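J.: Numbering-wise (UniProt numbering), the sequence shown opens with residue 1 and increments by one.
By construction, the Cβ of each residue, glycine as well, lies at the ideal position given by its N, Cα and C atoms.
The structure presented is a predicted model; accordingly, all values stated were derived computationally and were not measured.
Before I ask anything, here is the structure I am working with.
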Amino acid sequence: MSVVAISSRPHSPGRRSDRPAAVRPRSTSTLTVTVDLTPGTVSPRLARLIELLQELAVTGEVTPVGAAAPTPPAPRPRPAEHPADLRILVGCRTVEHGGRMVALTRIEFDLLLFLAEHPRRVFTRLQLLSNVWGYEHAVVRTVDVHVRRLRAKFGADTPLVTTVHGVGYRLADEARIGIDRDQ
1 MSVVAISSRP HSPGRRSDRP AAVRPRSTST LTVTVDLTPG TVSPRLARLI
51 ELLQELAVTG EVTPVGAAAP TPPAPRPRPA EHPADLRILV GCRTVEHGGR
101 MVALTRIEFD LLLFLAEHPR RVFTRLQLLS NVWGYEHAVV RTVDVHVRRL
151 RAKFGADTPL VTTVHGVGYR LADEARIGID RDQ
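Below, the structure written as structure tokens:
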């Protein structure tokens, strides 16, 4: 598989600006993904990657090159609406659980919000350090400590964060979290 990203800059950083650019400046970034498939069975991970790429292509964020546009996937039946067990009130940086406010530290709040904004996606400890803490030079076990504290504050009966052994963490599939950006 190869991935090519073309930035929105009209010329590359090392290029002299007094020479005219060979290509026209782009108003948006372009991403080209090429997946070479050999005949035979496709692994579940590769099938998931292809499914995600098709989903991106359908939404217009990615345009497939040299292939017919994929048909949009059939809409999945939505489960019965359940009220959110947890409400993240972004504006006032608070979390409600079962009608009561739960006191979280800044990092615990940011970690919960980040995972809630990216459901079904697995993050390594380094990715979480980079995206939540803002740096990667801390001890990666710091993430473990904060996940353990989050789980303790909400109790064992509230599914929140799932450990993906050997990889990292993700929001639990059973987690019913609502994000309220207006509050």
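(1) Does DSSP put Asp-180 in a helix, in a strand, or in coil?
(2) Does the stretch 143-151 come within contact of the stretch 96-112, defined as at least 3 CB pairs closer than 8 Å?
(3) By DSSP, does Met-161 sit in helix, in strand, or in coil?
(4) Tell me whether Gly-168 sits in a helix, a strand or coil according to DSSP, three-state version.
(5) DSSP puts Val-95 in a beta bridge; with which residues?
(6) Tell me where the alpha helix (DSSP H) around Leu-129 begins and ends.
(7) Once the 5 residues before and after Val-167 are set aside, which same chain residues still bring their CB inside 7 Å of it?
(8) Suppose the cutoff is 8 Å on Cβ atoms and the five residues either side in sequence are ignored; what does the same chain contact list for Glu-174 look like?
(9) Just grab the DSSP bridge partners of Thr-124 for me.
(10) Just curious, the alpha helix (DSSP H) that Ala-175 is in, first and last residue?
(11) Do Arg-87 and Glu-96 count as a contact pair if the criterion is CB distance below 8 Å?
(12) Skipping 5 residues on each side, what residues in its chain have a beta carbon closer than 7 Å to that of Tyr-135?
T.: The structure says:
(1) To locate residue 180, count along the sequence shown from 1; it is residue 180. Asp-180 falls in the strand class under three-state DSSP.
(2) The stretch 143-151, when compared against the stretch 96-112, does touch it at the 8 Å Cβ threshold.
(3) Sequence index remark: in the sequence shown, residue 161 carries index 161 (1-based). Per the sequence shown, the amino acid found at residue 161 is Val instead of Met. Under the three-state reduction of DSSP, Val-161 is assigned to strand.
(4) Locating residue 168 in the sequence shown gives position 168, where the first residue counts as 1. Secondary structure at Gly-168: strand, using DSSP grouped into helix, strand and coil.
(5) Counted from its first residue, the sequence shown places residue 95 at position 95. Answer by DSSP bridge pairing, in chain order: Ile-88, Val-102.
(6) One-based indexing of the sequence shown puts residue 129 at position 129. The continuous stretches of alpha helix (DSSP H) do not include Leu-129, and DSSP gives it neither H nor E.
(7) Translated into positions along the sequence shown, residue 167 becomes position 167. Its chain contains Val-122, Thr-124 as the residues whose beta carbon lies nearer than 7 Å to that of Val-167, once the 5 sequence neighbours on both sides are disregarded; these appear in chain order.
(8) Residue 174 sits at position 174 when you count from the first residue of the sequence shown. Here the set comprises Pro-159.
(9) On the sequence shown, position 124 is the one that residue 124 refers to. DSSP, once it has assigned bridges, lists Gly-168 as partnering Thr-124.
(10) Here residue 175 corresponds to residue number 175 of the sequence shown, with the count starting at 1. Careful: Ala-175 lies outside any alpha helix (DSSP H) and carries neither H nor E.
(11) For the purposes of this step, residue 96 is taken as the residue at position 96 of the sequence shown. For the purposes of this step, residue 87 is taken as the residue at position 87 of the sequence shown. A contact, by the Cβ cut-off of 8 Å.
(12) Reading the sequence shown from its first residue, position 135 is the one you call residue 135. A distance below 7 Å between beta-carbons, with the five flanking residues on each side excluded, links Tyr-135 to the following residues of its chain, in chain order: Leu-129.
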